[in-house]
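Numbering-wise, the working numbering comes out as the position in the sequence shown, counting from 1, plus 101.
From the three backbone atoms N, C-alpha and C, an ideal C-beta is built for every residue, glycine too.
None of these values were measured; they are calculated from a predicted model.
Below: one structure, written as structure tokens.
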Amino acid sequence: MASNNSEREGIVFDIQEHFGIIATNQSGWTKELNLVSWNQAPAKYDIRDWDEAHEHMSRGITLKAEEAKKLLELLKGLKL
């Protein structure tokens, strides 16, 4: 996915890198891992649901690089 610079309800976001889809729900929205800049701030790793056009999104979670590394360590320790 190319950079997607958009504004929604006064929030400016730029999807700088798309890493992948985690899941797709019945409505067609996808839970994705992306690198997103919110309101022109430095980009963070971002997990949230998006519509197909990436115009509407759900609440999600953003992680700094250090936080993403810690999450990866924690996930590696799980027995899935």
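Going by other Cβ atoms of all chains shown within 10 Å of its Cβ, with 16 needed for buried, is residue i buried or exposed?
| i | result |
| --- | --- |
| Asp147 | buried |
| Asn140 | exposed |
Rounding to the nearest angstrom, what Cα-Cα distance links residue i and residue j in this structure?
| i | j | result |
| --- | --- | --- |
| Leu173 | Leu179 | 10 Å |
| Leu181 | Glu153 | 29 Å |
Below 6 Å CB to CB, which residues in the same chain sit around residue i once its five sequence neighbours on both sides are set aside?
| i | result |
| --- | --- |
| Ile162 | Ile148 |
| Ile123 | Lys132 |
State the beta-bridge partners of residue i as determined by DSSP.
| i | result |
| --- | --- |
| Ala144 | Ala144 pairs with nothing; no bridge assigned. |
| Lys132 | Ala124 and Asp150 |
| Leu164 | Tyr146 |
Assuming residue i and residue j make a contact with CB atoms under 8 Å, what is their CB distance in whole Å?
| i | j | result |
| --- | --- | --- |
| Ala144 | Gln117 | 5 Å |
Can you list, in chain order, the residues of its chain with a C-beta nearer than 8 Å to that of residue i? Leave out the 5 residues immediately preceding and following it.
| i | result |
| --- | --- |
| Glu188 | Past the boundaries of the shown model lies residue 188; the chain is included only from 102 to 181, so the question cannot be answered. |
So, at 7 Å on beta carbons, what are the nonlocal neighbours of residue i in its own chain, with the 5 sequence-adjacent residues on each side left out?
| i | result |
| --- | --- |
| Leu164 | Lys145, Tyr146 and Leu172 |
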